[in-house]
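One structure below.
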Amino acid sequence: MRLRLLFATVGLALAGSLAVMFALISGTNISGARDEQMRAEQIWYAQPRNHYRIVIRQRTRTGVCEQDLEIRDDRVQMVHLNQCAQPPIWTVPRLFSWVKQLSQPAGLCYPSSLQCTCRVSTHLQVLFDPQSGYPKQVLYEWGLRPN
145 MRLRLLFATV GLALAGSLAV MFALISGTNI SGARDEQMRA EQIWYAQPRN
195 HYRIVIRQRT RTGVCEQDLE IRDDRVQMVH LNQCAQPPIW TVPRLFSWVK
245 QLSQPAGLCY PSSLQCTCRV STHLQVLFDP QSGYPKQVLY EWGLRPN
């Protein structure tokens, strides 16, 4: 099974510099988004998915990179392509966890280049595949807050 995930980023790259992503979502409030993710995870885990392929595309202000990964038993088995500056670690369960982290109201505070500030996720929208449940598109924006 080949999953296509489009991550269009505005700003920073994932992992070390974590990116700003674009997408669409149905539902804008936090509890609605959590409910939607729970439904998506139920769909994903309802079918045995021991072996699949996932393509991650990230668009940053410096360009586009792509990772094409083969996943077996929730671990990256083979890297078919890695044009990105970060390690090829993405699996669907990892994407679900990442989206949950970004959706926490307080959110995690990531280092900023500005003194006494950190970056936090200020806006999150996710589109889940209706048939398979995986996060198909993700949008998040960064803001700064006092450290």
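This note's numbering applies: residue 145 is where the sequence shown begins, and numbers increase by one.
Glycine included, C-beta positions come from ideal geometry on N, C-alpha and C.
In DSSP terms, what residue i is bridged to
| i | result |
| --- | --- |
| H267 | E285 |
| P290 | T261 |
Start-to-end residues for the beta strand (DSSP E) that takes in residue i
| i | result |
| --- | --- |
| Q230 | No beta strand (DSSP E) holds Q230; DSSP gives it neither H nor E. |
| R197 | 195-204 |
| Q221 | 219-226 |
Residue i in three-state terms, based on DSSP
| i | result |
| --- | --- |
| G207 | strand |
| P279 | strand |
| A163 | With a pLDDT of only 31 at A163, under 50, the local geometry of the prediction cannot be trusted, and the value read off the model is given with reservation. Reduced to three states, the DSSP call for A163 is coil. |
| Q273 | Here residue 273 turns out to be Asp, not Gln, going by the sequence shown. It is coil, neither helix nor strand. |
| R148 | Low local confidence applies: a pLDDT of 41 at R148 is under 50, so the model's placement there is unreliable, with the coordinate-based value given in what follows. Strand at R148. |
Inter-residue CB distance, residue i and residue j (contact presumed, cutoff 8 Å)
| i | j | result |
| --- | --- | --- |
| V94 | Q202 | What the structure shows of the chain is the stretch from 145 to 291, and residue 94 is not part of that stretch, so it cannot be assessed. |
Span of the alpha helix (DSSP H) around residue i
| i | result |
| --- | --- |
| Q245 | 236-247 |
Contact check, residue i vs residue j, beta carbons under 9 Å
| i | j | result |
| --- | --- | --- |
| L268 | L288 | no |
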